[in-house]
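Trainee: In the working numbering, the protein residues as written are 16 to 128.
Starting off with a structure, shown below.
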Amino acid sequence: MQIVHTSISIPELQKMSEKMYGGLVKAVVDVEKNIMVVDAELHADEEILLLDQGSQQEHLWGINIYPDKMGTEGWLEFDSMINIRPQQGNRSRSVENKEVQKIITSIVKRLIQ
16 MQIVHTSISI PELQKMSEKM YGGLVKAVVD VEKNIMVVDA ELHADEEILL
66 LDQGSQQEHL WGINIYPDKM GTEGWLEFDS MINIRPQQGN RSRSVENKEV
116 QKIITSIVKR LIQ
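Spelled out as structure tokens, the structure:
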């Protein structure tokens, strides 16, 4: 697992995606700290790493990045079991709040070079 504070390259993500079925890289984004963790089999493992680093759970959202699809509509997927949190009004694996989706997308675009 790798915490991305500043940037990560598309080739680095592509190499990580070779280990996963479907060519994806699982990531967890901290929308408060503007960072993400990449390269784990489970979003939950990435979530634990960020929690251990002082992040708050309500700011963490699981996504999937498809580095081979960068620049197309399907490059980012808001799908993770860690996103199910009824107490925040999110009742599915998706990130249901469109504003939160925009924030996540902005952070991820900034971090991928």
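No residue lacks a Cβ here, since even glycine has one placed at the ideal position from N, Cα and C.
Cβ of L8 within 8 angstroms of Cβ of D45?
Mentor: Shown here, the chain extends from 16 to 128; a query on residue 8 therefore has no answer.
Trainee: Going along the chain, which residues of its own chain have a beta-carbon closer than 6 angstroms to the beta-carbon of D54, five neighbours each way excluded?
Mentor: Taken in chain order, the residues that qualify are M16, Q17, M31.
Trainee: Alpha carbon to alpha carbon, what distance is there between G104 and V40?
Mentor: 26 angstroms
Trainee: Would you kindly check if the distance between the Cβ of H20 and the Cβ of V43 is under 8 angstroms?
Mentor: no
Trainee: If you count every other CB in all the chains shown that lies within 10 Å of the CB of M51, and 16 or more means buried, which is it?
Mentor: buried
Trainee: For S22 and R106, I'd like the C-alpha separation in whole angstroms.
Mentor: 31 angstroms
Trainee: Shortest alpha-carbon distance to S109 belongs to which of G69, E47, F93?
Mentor: For the residues G69, E47, F93, the minimum Cα distance to S109 belongs to F93.
Trainee: Apart from the five residues on each side of it in sequence, which residues of its chain come closer than 8 angstroms, Cβ to Cβ, to S95?
Mentor: K41, V43, H58, W76, G77, I78, N79, R108
Trainee: Once the 5 residues before and after Q102 are set aside, which same chain residues still bring their CB inside 7 angstroms of it?
Mentor: none
Trainee: For G89, I'd like the list of residues in its chain whose CB is within less than 8 angstroms of its CB, leaving aside the five on either flank, ordered along the chain.
Mentor: Y81
Trainee: Do I127 and I25 have their beta-carbon atoms positioned less than 8 angstroms apart in this structure?
Mentor: yes
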